[in-house]
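Using the working numbering, read the sequence shown as starting at 14 and increasing by one per residue.
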Amino acid sequence: MEKYIGIDISKATLDLYDGDKSYKVGNNREGFTFIRKLAKDKKDLVLIFEPTGVYAHSLISYCKQQHIRAVIVGSKEARDYARSIKQRSKTDKIDAKVLYRYQTQVDPSTITIPTLDTRMIRITQRRNVYDKYQHTITQLRNLIEATHKEDKTLIRSLQKQIASLEQSADTLLKEIENLLVEDEGNQTALENLQTIPGIGKKSAVALLLEFMRHPHAKSNEMVALMGLDPVLRDSGVFKGKSRISKQGGKHLRQKLYMATIVAIKHNDRLKHFYERLVSHGKPKMVALLAAMRKLLRIAFALVKNNEPYRALV
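Given below as structure tokens:
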């Protein structure tokens, strides 16, 4: 009989819950050994945890070495489950209990010995730095906008910093692309994405990375993960109004926004879709957001079905 352990992972510690008792141990070999001893036979042990970046790598490696099974739950799935059981409080101890209770949602076929994909780790690390660079570039551009135009010395200094960061970001993006195309399937996916009018190489790389982060997501789930799902605002002067959730990565949404601007001019399918919404009285921004969602779904379908874009005939 399976012995489930819910684990909330932090940098230095692990919060555990085994159905009877809570524990806090170190995120280290000693802590992992403690977990191992919670079951009489390690073959019965099933760990449930979120893949919290580098903090989870040591635990995943230990599971692989010791042949311990695990269920790795995506952050969104964990949040949605917590809401479904009306668990609004959030502490490390409570999160471990929520993850323990998540066993009721587990498909037995997903209980496997986890592996650490070192290539994906390298890609993720570079992507995180790339996103930081993009965030800093945006901040510096905003500083230029807020700087008195006569202060040319300061403006030149900021522009030099932007140029340096852009060069570093381009180098990282190339490294990410090289790591991606080591897998022939990723090479094909990038090529297929770039057959969509409006999607260039940078947008293709960004989209593929996002799809790879959520390999089991469906089209609508991908829209939500990108923060493009509409949510209702129902308070005060905004009663009955809707907006996008903006839960996903801002920089990827910006790339998709720019790609959609191009697409509604040069992509017949998106152009007709956008113009039809506007002609039916939808505000242009609402129509544009709908076109962004449609473009994302098209890109997602091409990668899932391993096929290039086909224009309307």
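Every residue, glycine too, gets a C-beta built ideally from N, C-alpha and C.
Given the structure is predicted, the values throughout are model-derived calculations rather than measurements.
Tell me the rounded alpha-carbon separation between residue i and residue j.
| i | j | result |
| --- | --- | --- |
| LYS122 | ARG82 | The amino acid occupying residue 122 in the given sequence is Ser; Lys does not appear at that position. Distance between the alpha carbons of SER122 and ARG82 is about 11 angstroms. |
| PRO321 | ILE189 | 22 angstroms |
| TYR36 | GLY294 | 58 angstroms |
| GLU234 | LYS77 | 29 angstroms |
| ASN199 | SER292 | 39 angstroms |
| VAL86 | ASP54 | 23 angstroms |
| THR131 | THR137 | 10 angstroms |
| ASP247 | SER88 | The predicted model places ASP247 with a pLDDT of 42, which falls under 50 and marks its position as unreliable; any figure quoted below should be read in that light. Looking at the two C-alpha atoms, the distance is approximately 26 angstroms. |
| LEU171 | ILE157 | 7 angstroms |
| SER258 | ARG135 | Confidence is the limiting factor: at SER258 the pLDDT is only 48, short of 50, which leaves the residue's position unreliable, though a coordinate-based value still follows. Distance between the alpha carbons of SER258 and ARG135: 29 angstroms. |
| SER97 | LYS215 | 37 angstroms |
| GLY253 | GLN116 | At GLY253 the pLDDT is 42, less than 50, meaning the model places this residue with poor confidence and gives no usable figure here. |
| ARG275 | GLU288 | Note that residue 275 is Val in the sequence shown, not Arg. Rounded to the nearest angstrom, the two C-alpha atoms are 14 angstroms apart. |
| GLY213 | LYS187 | 14 angstroms |
| HIS229 | ASN141 | 22 angstroms |
| LYS231 | ALA237 | 10 angstroms |
| LYS173 | LYS162 | 16 angstroms |
| MET225 | MET133 | 9 angstroms |
| ILE311 | LYS165 | 45 angstroms |
| LYS99 | ASP93 | 10 angstroms |
| GLY44 | LYS297 | 55 angstroms |
| LYS56 | HIS227 | 28 angstroms |
| ARG169 | ARG101 | 49 angstroms |
| ASN191 | PHE313 | 21 angstroms |
| ALA95 | ASN155 | 38 angstroms |
| GLU204 | SER71 | 35 angstroms |
| GLU328 | GLY32 | Nothing in the structure corresponds to residue 328, since the chain is present only between 14 and 326. |
Residues bridged to residue i by DSSP?
| i | result |
| --- | --- |
| VAL218 | VAL218 is not bridged to any residue. |
| ILE61 | GLY19 and VAL84 |
| LYS37 | ASP28 |
| THR46 | Paired residues: none, contrary to the question. |
| THR125 | ALA83 |
Taking residue i as the reference, which of the options has the closest Cα?
| i | options | result |
| --- | --- | --- |
| ALA202 | LYS53, ALA219 and LYS187 | ALA219 |
| LEU206 | PHE45, PHE47 and LYS317 | LYS317 |
| ASP21 | GLU204, GLN147 and ALA69 | ALA69 |
| LYS34 | ILE18, ASN41, LYS55 and GLY44 | ILE18 |
| TYR353 | VAL84, PRO127 and ILE61 | What is shown of the chain runs 14 to 326, which leaves residue 353 out entirely. |
| MET239 | TYR270, LYS187 and LYS215 | TYR270 |
| TYR146 | GLU15, ALA176, MET298 and LYS231 | ALA176 |
| VAL299 | THR273, THR160 and THR117 | THR273 |
| ARG114 | HIS227, TYR30, ALA303 and LYS50 | TYR30 |
| ASP183 | ARG139, GLU15 and ARG169 | ARG139 |
| HIS279 | ASP242, ALA230, PRO210 and LYS99 | PRO210 |
| ILE124 | GLY44, LEU241, ASP164 and GLU15 | GLU15 |
| GLY66 | GLU43, ASP57, LYS50 and SER23 | SER23 |
| ASP144 | SER181, HIS227 and LYS99 | SER181 |
| ASN319 | HIS227, THR208 and ASN191 | THR208 |
| PRO243 | MET305, GLU195, ASN191 and ALA95 | MET305 |
Would you check if the distance between the CB atom of residue i and the CB atom of residue j is smaller than 7 angstroms?
| i | j | result |
| --- | --- | --- |
| PHE286 | LYS263 | no |
| LYS106 | ASP28 | yes |
| ALA5 | GLU63 | No statement about residue 5 is possible, as the shown extent of the chain runs from 14 to 326 and does not include it. |
| VAL59 | PHE47 | no |
| ILE277 | LYS284 | yes |
| VAL119 | VAL84 | yes |
| THR160 | LEU153 | no |
| LEU178 | THR151 | no |
| ALA25 | ASN40 | yes |
| LEU315 | ALA303 | no |
| ILE61 | LEU129 | no |
| ALA324 | ASP281 | yes |
Would you please state the rounded distance, in angstroms, between the beta carbons of residue i and residue j? I believe it to be under 8 angstroms.
| i | j | result |
| --- | --- | --- |
| LEU193 | LEU221 | 7 angstroms |
| GLU223 | LEU265 | 6 angstroms |
| LEU301 | LEU241 | With 8 angstroms as the limit, LEU301 and LEU241 do not qualify as a contact, their Cβ atoms being about 11 angstroms apart. |
| ARG42 | GLN79 | Contact flag wrong, Cβ pair sits at about 11 angstroms. |
At a cut-off of 6 angstroms, is residue i close to the ligand NAD when judged by its beta-carbon and the heavy atoms of the ligand?
| i | result |
| --- | --- |
| ARG226 | Summarising the ligand content, the structure contains no ligands, and the ligand NAD is consequently not present. |
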